[in-house]
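Residue numbers for the sequence shown, in the numbering used here: 526 to 620.
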Amino acid sequence: GLVLLAAGLLANTFKFIPKATLAAVIICAMYFMLDFQTYRLFWRAKKLDFLTMIVTLFTCVFLSLEFGIAIGVVLDLILLLYFSARPAVKITLEQ
526 GLVLLAAGLL ANTFKFIPKA TLAAVIICAM YFMLDFQTYR LFWRAKKLDF
576 LTMIVTLFTC VFLSLEFGIA IGVVLDLILL LYFSARPAVK ITLEQ
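Right, here's the structure in full:
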């Protein structure tokens, strides 16, 4: 709530900040989002989660942030529904 209030009150002053400065702030924030340990963990744990993460990342970077998030959510929902509809069933015979 406080961030929205500050953004609403300071919106007129943001137009004086050069776009290159705002881009630098976004780039610095994105730098810490590129955690290669997380990528390695997803690669070892489940390849489809890694694929979803990479597709979402590249879509956000090369197309747009909103479209990338939407693609990531839809892709994850498709994978979730696909594997939920086909559970692994194990049958054991007792003698």
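Glycine included, each C-beta is placed from N, C-alpha and C at the ideal position. As the structure is a computational prediction, the values presented were derived from the model and not from experiment.
My guess is that residue i and residue j are in contact by the Cβ rule of under 8 Å, so how many angstroms apart are they, rounded?
| i | j | result |
| --- | --- | --- |
| I596 | T581 | 6 Å |
| F587 | F575 | Their Cβ separation, rounded to whole angstroms, is 18 Å, which puts F587 and F575 out of contact at 8 Å. |
By the 10 Å Cβ neighbour count, where 16 or more other Cβ atoms means buried, how is residue i classified, buried or exposed?
| i | result |
| --- | --- |
| T577 | buried |
Quick one: Cα of residue i to Cα of residue j, how far?
| i | j | result |
| --- | --- | --- |
| C585 | M555 | 11 Å |
| I594 | K615 | 36 Å |
| L606 | L618 | 30 Å |
| L547 | G526 | 22 Å |
| F561 | K544 | 29 Å |
Using a Cβ-Cβ cutoff of less than 8 Å, which residues in the same chain neighbour residue i once the five nearest sequence positions on both sides are dropped?
| i | result |
| --- | --- |
| L624 | Examination of residue 624 is not possible in this model, given that the chain is present from 526 through 620 alone. |
Here's a check: name, in chain order, each residue in its chain whose Cβ is nearer than 6 Å to the Cβ of residue i, leaving out the five neighbours to either side.
| i | result |
| --- | --- |
| A549 | none |
| D601 | T577 |
**Prompt:** Where in the stretch 581-608 do unbroken runs of the beta strand (DSSP E), each at least 3 residues long, occur, reported from the N-terminal end onward?
**Reply:** none
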